[in-house]
Amino acid sequence: MSPPLWALSLPVGTVFVFVPRAISLALQIMSGAPLRNSNPREHAESKDVAAKDTHGYVRRAYAAHQNSWEAMILWSAAVLVAKSTGVDVDVMNNTAAVWLAARFVYTPAYILIRSNTKAFFRTFVFMIGTSCSMRLMWQAALKA
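Using my numbering, you'd call the opening residue of the sequence shown number 12 and step up by one each time.
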């Protein structure tokens, strides 16, 4: 018997947290920019983090990494509350599938979209993921 999707969403979501940071580091290395690990957060936001043509991508990848932590914390809390209150497994699995899909799309959308007019798509995808967390919390509240 395989574990339910809601349970798998926690380790998979954790991997999704580190994908944008790995992309950020790979872009830095490929651009020939020096890596300074003495203060990685400050370095990730500095002007010399990467060559000029990749600088925006590196910064957006780092921002996607930070945002992924925020989304993962909310999702983890929602899953734990839903499980502890006995929310239906099908509801949890279906919601987990949508959340995972949203998080999968979010990172490339964040990194690749540079236009303010197109950035709405990234916000829309983020809101889908957030609404999944809210849905599980709402279902848990109804069960409590």
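Every residue, glycine too, gets a C-beta built ideally from N, C-alpha and C.
- Non-local C-beta neighbours of Gly140 in its own chain, meaning closer than 7 Å and more than five positions away in sequence, comprise Ala82, Trp110, Ala113, Arg114, Tyr117, ordered along the chain.
- Distances from the alpha-carbon of Leu19 to those of Leu91, Phe135, Gln150 put Leu91 closest.
- Fewer than three beta-carbon pairs drawn from the segment 88 to 104 and the segment 26 to 41 are found closer than 8 Å, and the two stretches are therefore not classed as touching.
- Leaving aside the five residues that flank Phe137 on each side, the residues in its chain whose CB is nearer than 8 Å to its CB run, in chain order, Asn78, Ala82, Ala113, Tyr117.
- The alpha-carbon of Pro119 is positioned some 18 Å away from that of Ala108.
- Counting of Cβ neighbours within 10 angstroms places Trp80 among the exposed residues, the total staying below 16.
- Asn127 sits away from Pro15, with the two beta carbons spaced by 8 Å or more.
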